[in-house]
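To start, the structure itself, in structure tokens.
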Amino acid sequence: MATKWTSDQLEAITLRGKNILVSASAGSGKTTVLVERIIREILAGEDIQSLLIVTFTKAATEEMRQKIQSKLIERLQSNLESADRQRIQTALNRINTANIQTLDAFNLQLVQRYYYLLDLDPGFRLLADEAERQMLEEQVWDQLREVFFASAQQADFIALNEQFNNDRNDNGLQELVFRLVDFAMINPEPAAWLAQLVADFQASDFETTSVYRDQFWPLIRTWLMTIDNLLATAQSEIDPTLMKPWADNLAASRAPLQEVIATDLPSYATLTQLDQVDFGRWPSNKLEDEALKAAKEAAKTPRDAAKSLFDQQVRPLIQVSATDLTKALTASQPLVATLVSVAQEFMTSFAAEKQRRHLQDYGDLAHNALAIINYVDPDTHIAMKDVLSQQYSEIMVDEYQDLNPLQEALLAGLSRQPGNRFMVGDMKQSIYAFRLADPKMFYQKYLDYADGHNGYRVILADNFRSSKNVIDFTNFIFEQLMDVKVGEMDYDEAAKLIKHANYPDDYAPTTEILLYDKTISEKPLTDSQGQVQLIIQKIQALMDGQHQIYDANGQLRPVRYQDITLLARSRSLNPLIQDAFNQAGIPIVVADAKNFFKTTELQVMLSMLRIIDNPKQEIALVAVLRSPIVGLSADELSQIHLAAKDKPFYDALDVFLQQGPSPATHNLFDRLKDFVRQLDRFRTLARNNQLVDLIWAIYQETGYLDFVAGMPGGAQRQANLRALYERAHAYEDNGFQGLFEFVHFIELMQKQDNDLALPVVLNPDVDAVSLLTIHQSKGLEFPIVFVINIDKSFNKQDLRQNAVITQAGLGFAWLNPENRMVVPLPQFYLAQNAAVAKLRAEEMRLLYVALTRAQQQLILVGAATAKDREKWLQGSDSEHVRLPETTRLQANSFLDLIGPALVRHPDFPEGASSSVFAHEASHFSLEFLDASAAVTTTSLTTEPERSIEPDQPTLAALQRWFAFEYPFAAETTTTGFQSVSEIKRAFDDPDSLELVDSSTVVPVNRFQDDLATPAFIETTKTVSAAAVGTATHLVLQKIDLSQPVSAALINDTIDNLTQMQLIETPVADRINRANLLQFFQGDVGQLLLANPSKVVREAPFSMLVPATELFGNLNDATERILVHGIIDGYVQTHDGILLYDFKTDQADAEALLQRYTIQLNLYREALSRVQAQPVYRQVLIGLANGLTVDVPQQSILAPTNG
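The sequence shown maps to residues 1 to 1202 in full-length UniProt numbering.
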């Protein structure tokens, strides 16, 4: 049966004569349209080899080729005229040689064919491995850095290092140069792009530069107009006669803003005067009339929003005086000139090294291909552009929104006039910013082609994928969120999805939003665990046999596991989800295409290689000792550490072996002796042989390759280990040498997130839930979609750099070498603002991709509080379709975007009741669920009960067997390694559990995750009390005790820690500085200042304690527990040791004693074991209330729970 095309699809298939841009929304059948256009062109007489069909990935290339081939076969089997049949048959014969390829493959083909025009080496090897490329970059940089340090530019280069490196590492400049080169290389003229960076830092008259005129002032003016509009909204709520104090406040706030807004181009000095704007204090005069009170509150909301926006967006831009700015720009321009010179020299050196090794990377191929296209024969003056463009009757580009400027220049160079390009894509689905894609090129054509003059624009809005409610809900959310200002494009009527899927009109499963309530103080589950349990519960409910979905034939059937897909922004929850699903009996498939080097067996091998290179790497050493290669237990590791607990672990191991065996350690001694001898052999082998010989020797001598075969998934694990061997072989074949460099090479590969760009293939025969990242789901569709972890904060790590690069240019904060003060330049704020806008638009598009994967039902899962609901209500606006710009700009997660939109929906309980959405067609349900609802669930799969007659003798034996009580059962519920805070809970009242139950610890895979982000650099939505407490402790740890502690010293210490990014600014602002000063004015603080050399701060300790002394209900007297912790500090005096511990709790002395007496006495016990002096006094310092509480000394051993 012939396909019934929509009018828009038919237009996209048949239009000719100009460039055509097809804006194809999610599920609109763009590939089907593209294939049909190709078939019709073949039937019209075009040779399939005259079509250049460009796709984004290799998988998309093969899929496109197969779909064209299938369509050709289908047409061949229909009734065709003889000529048409011949054309179809010819196309079928040539399909495998047709120009259906990625742009990278096209570039490679062009360079291999015309290499002689550029005098290139035809025998080059493609440098396709990103880790190998990065290794080569680092080698070139190391050599170039030494050249600069020894050159006439030494002083300038040193200044550059001081500007962009820090006291923790010297990689800052290296990473900046690499990023600059990456940005330069996506432009048709990299050198020119780099050169323009210097012009942006003109210092002589900043106000005359294009940066000031076209970027800086328009940005400030836009913010000022937004702020002024908010103040005007506030004024509209106020009766100027009856509410004169508030009217005067708003008028006074608007006056200076309006004066500047009315100026065409104010001076920078004029702008800096805006820093004096403070909005005044909102009058607190009493009003008796209820209507006036309501008006006052209604005006306060936009007024406060205006003030907040001014403080966040405008004030930072104008804090540097005109004089200081001129000085900073004068010093910065030569820095930028040197930086550009270094980047250009690096590009040249890197290109020379690749040429020496006969290599070309993808960037080289693209630039060489462009050079070939632009080549003009010096003798005949024939342009290759003209020759090549005649070879292609049409250039078809899929996923056009993901191209960069260099790729656009390539395609433009191949095109004919007035245009023969057919470009298909969707800006709303551009999610590859990490590849430096520029979706604005798509949007510019979207606008330029709107009237059909410069080209044709076709919009495919009909969605053939999703049910009605998925469509309506997506439109409802995005018409409120996305516009040019916040999202880089308008989600207007043309952008809205239109239901065209073949579902019954009344089939519209409700979108569900499940939120785990974070407000509960005593939670048995973490927020992440709570969310996962909500997901499990919902899946089990869907699998009850009562829930049905439509199959491909339009028939209702029960839900299967394979119908369900979980989509997440990142893989951070993957281990937790896998463990919880396994416990609940829910099958799950995780689409991790690139987890090879994060598997346990590979991590063990890499640890082994690390210690062969350097055995003093403690983490790697302990990992090998704990692994099956050596097989030590945690207690045995503790015994080694105790041999020399004040030394590194390798030295402690050496001391342990020198001490010789004892009856209790004889077995351990022999195993360690064998291990050390084996390690020495491997180290000798590594010095004198190739890597592959070393790796195979490890496999053979340790038997590890054979061991993993017996583990679950043994065949795959063995394949992984063999792949490591092959990887080492390829590494050495490519000219690299050395064990250390190989380990570094593998670490670079581990850090790659290439799986974001790799295709995901789900096996339809496996009945299991699928877990993917949103990037991995691009181009796919699923019956039921869970978008999970929607409260996870956006990743703004790149924005915290002291230098920010965008396609528009470079910005950085200038470090004054005289006083080490940091001066954020206007260019820095411009670059940061552009980067933030790009990030926000990318995250918005990522959410769009996630929502539009769902075919039949959409379920969103996250965690929130009641305060979040209040924030959503405050951030909504009932008068306009779009949410207020401030609400969208301040969003830090998917939930921050979705929440304010939801409250305006009629379905939202106690919502904002927006008249704009009074007749909204979509429906959703919102549930806040607490820990009592999110309980661990069990498998749905149960065996039917069976009744059998018992055999009496067997039954008696079984009863005896089941009645057996293990004499050391209590020991199994705790661990041999406990922190003080864990042990403290064992001494609570008798109704508390006596031991720290190890079964409540959530299992994690130590070999799979990167190190956790430290709390002080974590992206959070609010400043928690815990974060403030941690920061306060850090200040007390770092403050200089060798001088009198003043308010100025405290402020300087906090400022330095903030500048070093050890404390975030919002956290620093919450530190109670007065309380810190009060402490140092007290007796304990004065004692510390009087004896600074005798003060020990942040003292870690560990001690082995007999388990029966620590926990009274244990039976095994031979068992010992390793107790560890960190003491805030102690000071040694003539009278003995004064032990102190800081607390930031809002508690009185009695509460502090009740909570922390056990902890202080544990600390005292630890100190008494390592210090000759006794502890004569132990005190709790209650910083919140200025308390110094003496803690009585008590014996804490062998407690009894009466």
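C-beta atoms are modelled at their ideal positions from N, C-alpha and C, and glycine is treated no differently.
If you're wondering where the values come from, they're calculated on a predicted model, not measured in any experiment.
Given a cut-off of 8 angstroms, decide if residue j and residue i are closer than it, judged by their beta-carbon atoms.
{"i": "L339", "j": "L160", "result": "yes"}
{"i": "N463", "j": "G27", "result": "yes"}
{"i": "Q1194", "j": "N1161", "result": "yes"}
{"i": "V532", "j": "I577", "result": "yes"}
{"i": "K485", "j": "E62", "result": "no"}
{"i": "A331", "j": "L567", "result": "no"}
{"i": "I382", "j": "R421", "result": "no"}
{"i": "L92", "j": "Q66", "result": "no"}
{"i": "V1105", "j": "V1179", "result": "no"}
Tell me the residue span of the alpha helix (DSSP H) that contains residue i.
{"i": "S267", "result": "Here S267 belongs to no alpha helix (DSSP H), and DSSP marks it neither H nor E."}
{"i": "L414", "result": "P405 to L414"}
{"i": "S341", "result": "A322 to R356"}
{"i": "P256", "result": "K244 to I261"}
{"i": "T303", "result": "Per the sequence presented here, residue 303 reads as Arg, with Thr not at that position. First-last of the alpha helix (DSSP H) with R303: E290 to L309."}
{"i": "T600", "result": "T600 to D613"}
Per DSSP, what kind of secondary structure is residue i in: helix, strand or coil?
{"i": "I100", "result": "strand"}
{"i": "I577", "result": "helix"}
{"i": "D156", "result": "helix"}
{"i": "M396", "result": "strand"}
{"i": "K645", "result": "coil"}
{"i": "V1123", "result": "strand"}
{"i": "Q360", "result": "strand"}
{"i": "V823", "result": "strand"}
{"i": "K496", "result": "coil"}
{"i": "G714", "result": "helix"}
{"i": "T1133", "result": "strand"}
{"i": "G631", "result": "coil"}
{"i": "G27", "result": "coil"}
{"i": "R671", "result": "helix"}
{"i": "L230", "result": "helix"}
Assuming residue i is part of the beta strand (DSSP E), what are its boundary residues?
{"i": "F812", "result": "G809 to L815"}
{"i": "T806", "result": "A803 to T806"}
{"i": "Q548", "result": "Q548 to Y550"}
{"i": "F928", "result": "F924 to L929"}
{"i": "D517", "result": "T511 to D517"}
{"i": "G425", "result": "R421 to G425"}
{"i": "D1190", "result": "L1187 to D1190"}
Rounded to the nearest angstrom, what separates residue i and residue j at their Cα positions?
{"i": "L194", "j": "Q700", "result": "53 angstroms"}
{"i": "G17", "j": "S528", "result": "55 angstroms"}
{"i": "F216", "j": "L257", "result": "16 angstroms"}
{"i": "N19", "j": "K496", "result": "24 angstroms"}
{"i": "E943", "j": "A584", "result": "Because the pLDDT at E943 is just 38, under 50, the model does not fix this residue reliably, and the value given afterwards should be weighed accordingly. E943 and A584: Cα-Cα distance of roughly 15 angstroms."}
{"i": "N166", "j": "G172", "result": "7 angstroms"}
{"i": "T1188", "j": "I1181", "result": "5 angstroms"}
{"i": "L993", "j": "P524", "result": "The predicted position of L993 is uncertain, since its pLDDT is 31 and thus under 50; a value taken from the coordinates is nonetheless stated next. So the alpha carbons of these two residues sit roughly 14 angstroms apart."}
{"i": "P240", "j": "T233", "result": "14 angstroms"}
{"i": "A1151", "j": "T1144", "result": "12 angstroms"}
{"i": "E726", "j": "V692", "result": "8 angstroms"}
{"i": "V903", "j": "A552", "result": "35 angstroms"}
{"i": "T1065", "j": "R315", "result": "16 angstroms"}
{"i": "A513", "j": "S925", "result": "A small correction: the amino acid at residue 513 is Ile; Ala does not occupy that position in the sequence shown. Approximately 6 angstroms, taken between the alpha carbons."}
{"i": "residue 1233", "j": "D646", "result": "Outside the shown range of the chain (1 to 1202) lies residue 1233, about which nothing can therefore be said."}
{"i": "Q890", "j": "G875", "result": "10 angstroms"}
{"i": "S341", "j": "D798", "result": "24 angstroms"}
Task: Secondary structure, alpha helix (DSSP H): runs of 4+ residues fully inside the segment 435–472 - done: 440–448
TODO: Enumerate, from N- to C-terminal direction, the unbroken alpha helix (DSSP H) stretches of 4 or more residues contained entirely within the segment 723–793.
DONE: 739–751 and 774–777
- [ ] Only counting runs of 3 or more residues, tell me where the beta strand (DSSP E) segments fall wholly within the segment 1023–1110, in order along the chain.
- [x] Those beta strand (DSSP E) runs which fall completely within the segment 1023–1110 and span 3+ residues are 1095–1106.
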